[in-house]
Amino acid sequence: MRSAMHADTERCVRAVQSKDSRFDGWFFTAVLTTGIYCRPSCPAVPPKPENMVFHPSAAACQQAGFRACKRCRPDTSPGSPEWNQRADLVARAMRLIADGLVDREGVPGLAAHLGYSTRQVERQLLAELGAGPLALARAQRAQTARLLVETTALPMAEIAFAAGFASIRAFNDTVREVFALSPSELRTRAAGRSGAPAAPAGTPGTLSLRLPFRAPLTPDNLFGHLVATAVPGVEEWHGGAYRRTLRLPYGHGIVALTPGPEHIGCRLTLTDLRDLPVAISRCRRMLDLDADPVAVDAQLRADPLLAPLVDKAPGRRVPRTVDEDEFAVRAVLGQQVSTAAARTHAARLVTAHGTPVDDPEGGLTHLFPTARDLAALDPEALALPRSRRTTLTTLVEGLAAGTLRLGAESDWAEARARLAALPGFGPWTVEVIAMRALGDPDAFLPTDLGVRRAAEGLGLPSTPAALTARAAAWRPWRAYAVQHLWATDDHPINVLPG
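Each residue of the sequence shown is one higher than the one before, counting from 92 in my numbering.
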């Protein structure tokens with residue numbers, strides 16, 4: 092398992108000596124002689140192998156007494172791809188920690204969402220990541236604090252609150268311990284690098300930052316899909332960026348995401364800054380930025396009929412979602428209708444049941460309605476066939492009651508089974524939700540017309556059974572193969588907007 096990569100000392104040493112950025116986030120290098128920890132691609136002269144110790148997480152390095160390198164800034168590495176390609180206890184826990192659950196509900200809340208005891212969760216995280224949930228959440232708070240210190244002119248007290256610290260003292264102590272600098276020294280150092288002091292944003296609660304990713308990344312289908320299927324009022328392409336509203340634990344926000352060759356530009360406007368780490372985590376997940384494109388492409392390229400597609404567009408990502416319940420509702424609205432019709436149905440729901448928001452910079456008007464909002468709607472008011480109404484109302488009832496869970500804590504196999512048991516949920520709907528909402532990288536749609544047409548054009552089997560048999564060699568990355576197959580069509584979902 093690649094999550095145990097830190098235990099393969101020889102492989103880790105080779106990655107550090109070659110400054111291989113592909114392994115950033117997979118493991119961290121602690122240097123015994125300096126007391127710092129780095130990402131594998133740190134530009135400094137690599138230490139001697141006997142002075143390197145490898146850890147599976149930044150939190151484990153911090154618990155062992157190491158400080159973050161000021162040069163390579165290991166806390167800004169992309170996240171480990173493991174948490175988005177697995178559905179076991181540790182992966183689900185890491186997704187929930189990234190979503191800020193420990194800060195909001197503590198370790199007991201984390202354990203309750205996962206259906207395990209607190210002791211079981213702590214033991215498994217410690218065994219695999221070298222740190223428990225509190226230490227992992229603390230490392231995330233430190234990263235958020237650094238981001239706010241370096242990119243805004245917010246008072247330190249506001250930053251401490253926004254990053255999730257219980258007190259100014261805990262904030263100061265953590266920043267000094269992790270980065271070997273006080274918060275004010277961090278800010279001064281950042282201003283020296285950029286040549287200008289951190290400036291307050293033009294709009295209160297607005298922050299501009301960069302989202303790193305592992306190269307390569309092909310943005311065409313990623314942004315094209317989000318824009319082509321955008322729900323009016325909730326999403327738009329404006330000023331060269333994909334913009335959408337976000338429903339968050341403490342309030343709401345608007346994000347603008349701009350594709351770039353080295354990072355994704357991210358501009359966030361939040362009603363409550365405590366939602367910053369959650370908003371970043373959800374945007375990263377929607378854009379699949381923690382994927383390992385080298386591993387994915389290598390597996391798919393082994394099929395000679397897929398290889399030309401991979402070579403043409405290396406690093407394709409799977410466009411996902413910031414709200415799993417929202418996507419499931421939209422998947423039902425899109426059953427057996429055109430993209431335009433699906434957007435129209437969704438826009439009607441948004442206008443009737445969504446929460447209004449202000450957007451001085453564009454045309455966003457609403458948050459997508461929650462399952463609870465939609466559970467109260469009159470089915471007769473839906474301009475849908477009766478069978479589709481039943482499908483939609485049954486779905487939102489399950490989501491609202493909590494008997495169906497599609498969030499970061501969900502078990503993929505259980506969620507699939509519960510979806511399949513609902514009326515009107517065939518294999519296509521279940522698998523598209525597994526791909527885009529649950530985030531299963533191996534979700535596969537052999538019955539999809541576009542997939543079958545593309546397969547036939549490439550000389551692959553086009554019947555669902557035969558194509559599924561051929562696709563066994565693409566596992567565990569069949570969702571990425573679907574993106575390559577869809578991209579053979581000239582549908583707007585495959586075009587990066589101008």
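Even glycine gets a Cβ: it sits at the ideal position worked out from N, Cα and C.
Please read all numbers here as calculations on a predicted model, not as lab measurements.
- Residue pairing by DSSP puts Ala347 in a beta bridge opposite Arg334 and Arg358.
- Taking a 10 Å sphere around the C-beta of Gly530, we find 16 or more other C-beta atoms and assign the residue as buried.
- Shown here for Asp190: same chain residues with a beta carbon closer than 6 Å to its own, the five before and five after excluded, namely Val369, Ser372 and Ala499 in chain order.
- In terms of CA proximity to Leu217, Ala151 leads the group Ala151, Asp449 and Gly156.
- At least 8 Å separates the beta-carbon of Ala528 from that of Val521.
- Taking one beta carbon from each stretch, the segment 449–464 and the segment 394–407 have fewer than 3 pairs nearer than 8 Å; the two do not touch.
- Annotated as proximal: Pro384 and Arg305, with beta-carbon spacing under 8 Å.
- By the Cβ rule, the segment 168–179 does not count as touching the segment 553–561, because fewer than three pairs are nearer than 8 Å.
- Collapsing the DSSP output to three states places Phe304 in coil.
- Straight across, the Cα-Cα distance linking Pro138 with Glu268 is about 22 Å.
- Of the candidates Met377, Leu400 and Arg375, the residue whose Cα lies closest to the Cα of Val387 is Leu400.
- Judged by DSSP secondary structure, Glu327 falls within the beta strand (DSSP E) whose first and last residues are Glu326 to His329.
- In this structure, Glu241 lies away from Ala271, with their beta-carbon atoms at least 8 Å apart.
- In the three-state reduction of the DSSP assignment, Ala121 falls in the strand class.
- Distances from the CA of Ala572 to each of Ala437, Pro537 and Ile584 were compared; the closest alpha carbon is that of Pro537.
- Residue pairing by DSSP places Thr446 opposite Leu458 in a beta bridge.
- Its Cα nearest to that of Asp379, the residue Pro350 stands out among Pro350, Arg130, Leu391 and Ala398.
- Proximity to Ala347 across Leu458, Cys374 and Trp174 peaks at Cys374, based on C-alpha coordinates.
- One thing to note: Arg365 has its Cβ within 8 Å of the Cβ of Gly255.
- In the DSSP secondary-structure assignment, Val144 is bridged to Ala121.
- Ser501 and Arg177 have their alpha carbons spaced roughly 11 Å apart.
- The beta carbons of Ala534 and Arg569 sit closer together than 8 Å.
- As DSSP reads the structure, Ala159 sits in a beta bridge with Tyr128.
- In this model, Ser553 and His575 are separated by some 15 Å (Cα to Cα).
- Non-local C-beta neighbours of Pro410 in its own chain, meaning closer than 6 Å and more than five positions away in sequence, comprise Leu313, His316 and Leu317, ordered along the chain.
- Counting along the chain, Gly223 sits inside no alpha helix (DSSP H), nor does DSSP assign it H or E at all.
- In this structure, Leu302 and Cys357 form a Cβ contact; the two beta carbons are roughly 5 Å apart against a cut-off of 8 Å.
- Below 8 Å, enough C-beta pairs join the segment 215–234 and the segment 192–199 to call them touching: three or more.
- Counting along the chain, Met247 sits inside the alpha helix (DSSP H) bounded by residues Met247 to Ala254.
- Looking at the DSSP output, Thr167 shares a beta bridge with no other residue.
- Ranking Arg183, Asp264 and Ala545 by CA distance to the CA of Glu173 puts Arg183 first.
- Looking at the backbone, the Cα of Asp539 and that of Val322 are separated by about 22 Å.
- The beta carbons of Gly515 and Arg479 sit closer together than 8 Å.
- Within a 10 Å sphere around the beta-carbon of Ala98 sit fewer than 16 other beta-carbons, which makes this residue exposed.
- Here Ser299 carries a strand assignment [DSSP, helix/strand/coil].
- Annotation: the continuous alpha helix (DSSP H) that includes Ala184 extends over Leu180 to Ala189.
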